[in-house]
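Asks: Please see the structure below; I have some questions.
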Amino acid sequence: RIAVFMDGRIVQVGTPREVFARLQARAVAGFIGTPPMNLLDGAWQGGVVTVLGHALPVAADSAAARDVTLGVRPGDVRIVERGLPAHVERIEDLGDSSIVSFLAAGKLVKLKSDRPPALREGDDVALGFAPGAAHLFDRSTGVRL
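Under the numbering used here, the sequence shown has 157 at position 63, and the numbering climbs by one with no breaks.
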């Protein structure tokens, strides 16, 4: 088991796999994983997170509409036909995998894949993810919903 400390206090305890799979705080999501989780501000309501006017379906249990931070791991980001508009900033070929950096919703969003992407720097695409791959955090408290 591991304990994650932030600002002198324990924020999460579990096995490495448990901490990675079910982060309890937005702050932990920002540094666990390589690369760390993508975090975007949005508004959640009725199974959809809206980021800059683009509705992205998520699997979440919270009943109340609220401002959230949407977290998606780089390995769960996909290029889709309709989704969040993004611009390819950089492609890093690591030999056994690739990391693609996009500019989306005013933030850097990363996609990690073991297949070389059929993209070039400068391309415009749309990004999405499986609804069950989303992690939602309350925007004001940073706590997982």
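Quick reminder that beta carbons are idealized off the backbone N, C-alpha and C, glycines included.
Kindly confirm or deny that the segment 95 to 105 and the segment 203 to 214 touch, where touching means at least three C-beta pairs closer than 8 Å.
Replies: In the pairwise beta carbon analysis, the segment 95 to 105 is classified as not touching the segment 203 to 214: fewer than three pairs are separated by under 8 Å.
Asks: Under DSSP, the alpha helix (DSSP H) around residue 120 begins and ends at which residues?
Replies: 120 to 123
Asks: Whose CA, out of 120, 159, 173, 138, lies closest to the CA of residue 217?
Replies: 173
Asks: Can you tell me which of 239, 176, 226, 234 puts its alpha carbon nearest to the alpha carbon of residue 219?
Replies: 176
Asks: Would you say residue 233 lies against chain B (beta-carbon separation less than 8 Å)?
Replies: This model lacks chain B altogether, as it is built from one protein chain only.
Asks: Going along the chain, which unbroken runs of the beta strand (DSSP E) with 3 or more residues stay wholly within the segment 168 to 237?
Replies: 172 to 174, 178 to 187, 192 to 198, 201 to 207, 218 to 222, 229 to 232
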